[in-house]
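Inspection log for the structure reproduced underneath, given as structure tokens.
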Amino acid sequence: MVSTAKAPALTEPEAALPPTRSRRPAIPRAVATTTTVLRRTVALVAFFAGWELAPRAGLVDPIFLPPVSEVVPALWDLAEGGQLWSNARTSLVRSLSGFGLAIALAVPLGLLIGWYRPVAELLNPLLELFRNTAAIALLPVFILILGIGETSKVAIVLYACTWPILLNTISAVRTVDPTLVKSARSLGLPAPRIFQKVILPAAVPTIFTGIRLAGATAVLVMIVAEMVGAKEGLGFLINSSQQNFAIADMYAGIVAISALGLLFNHLLVLIERRFTRWRTETGR
């Protein structure tokens, strides 16, 4: 016989209970931050540890690659004597001058080329010609025409920084979502207002990508220019240290350039976040 006994009905509190889910314990924010910092610095620590151990273990000649423990005192001596700061200041002035002029020239020109097709058709052949010409290859030309003074160094940085900013700006304007443009036109907005309210805000992130690339290019090109013909600057410091066989000072100058590039890039990232704050606000 089949049992006709009914199962006991669930009481109201039991029926209202939600199904239980297995959840991971929440990780404290401080622990998460510490873990992120460790992940980002482990490769850097390993690099400097290898730099320290390789010369001491005889894997490389310590005359040509001194341990990092010898480079750091040399860096401190250059900073304490003022030689590092004066050369770094000179390089920064040259780099920032060319970099700022490149932004002032390339961003408006890129917006114009990307937005107006007749201008793009007129200038594209010229752009294709010069974009494939390396700035370092033209350095002797700049020196012959502008001399070995400050003008040629600022000009070579201007030339080198113009292309990443210009090309990224053109790409930023051309890759804006067409649906946004059509929606703005359907609302009756004129072309200048569409450019101001739709094109420009959408293009800002890609433009800043080009600006960050140009920031790294500004430092590198300036160092090479100072190695060729200069009496001051970090490039001159490295070159003169190599010629005088002050190897520790040479590596100290290289470390200073790396630190300067990292600081420059970090400042550009902060500026980019300031101008693209709307992206995080709309994504919340």
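Residues in the sequence shown are numbered consecutively from 1139, following our numbering. Quick reminder that beta carbons are idealized off the backbone N, C-alpha and C, glycines included. These numbers come from a predicted model, not from an experiment.
- The way I'd put it, the segment 1320-1336 doesn't touch the segment 1375-1392; fewer than three beta-carbon pairs between them come closer than 8 angstroms.
- When DSSP states are grouped into helix, strand and coil, A1354 belongs to the helix group.
- Taking a 10 Å sphere around the C-beta of V1175, we find fewer than 16 other C-beta atoms and assign the residue as exposed.
- Secondary structure at I1201: coil, using DSSP grouped into helix, strand and coil.
- If you draw a straight line from the Cα of C1299 to the Cα of L1325, it is about 38 angstroms long.
- Contact between the segment 1284-1293 and the segment 1229-1238 is present: three or more C-beta pairs spanning the two stretches fall below 8 angstroms.
- Following the DSSP letters along the chain, one finds D1215 inside the alpha helix (DSSP H) bounded by residues 1206-1218.
- Taking the CA atoms as reference points, L1304 sits about 42 angstroms from P1205.
- Proximity to A1354 across A1390, M1365, L1401 peaks at L1401, based on C-alpha coordinates.
- Note on geometry: alpha-carbon atoms of L1191 and F1268 lie some 45 angstroms from one another.
- Excluding its 5 nearest sequence neighbours in each direction, V1393 has C-beta neighbours in its own chain below 7 angstroms: V1209, L1213, listed in chain order.
- Looking only at A1272, F1383, N1306, R1412, the smallest Cα-Cα distance to L1203 is reached by F1383.
- Taking the Cα of F1280 as reference, the smallest distance to any Cα among A1363, I1251, A1195, Q1381 is reached at A1363.
- Within the segment 1266-1322, the alpha helix (DSSP H) runs of at least 4 residues that lie entirely inside it are, in chain order, 1277-1284, 1288-1312.
- Rounded to whole angstroms, V1311 and G1252 show a C-alpha spacing of 5 angstroms.
- Excluding the 5 residues flanking it on each side, E1259 has no same chain C-beta neighbour closer than 8 angstroms.
- Closest in alpha carbon position to P1343, among N1306, L1216, I1274, G1391, is N1306.
- As for any alpha helix (DSSP H) of minimum length 4 sitting wholly inside the segment 1223-1261, there is none.
- Between R1411 and L1405, the alpha-carbon positions lie close to 10 angstroms from each other.
- Shown here for D1387: same chain residues with a beta carbon closer than 7 angstroms to its own, the five before and five after excluded, namely A1212, L1216, S1379 in chain order.
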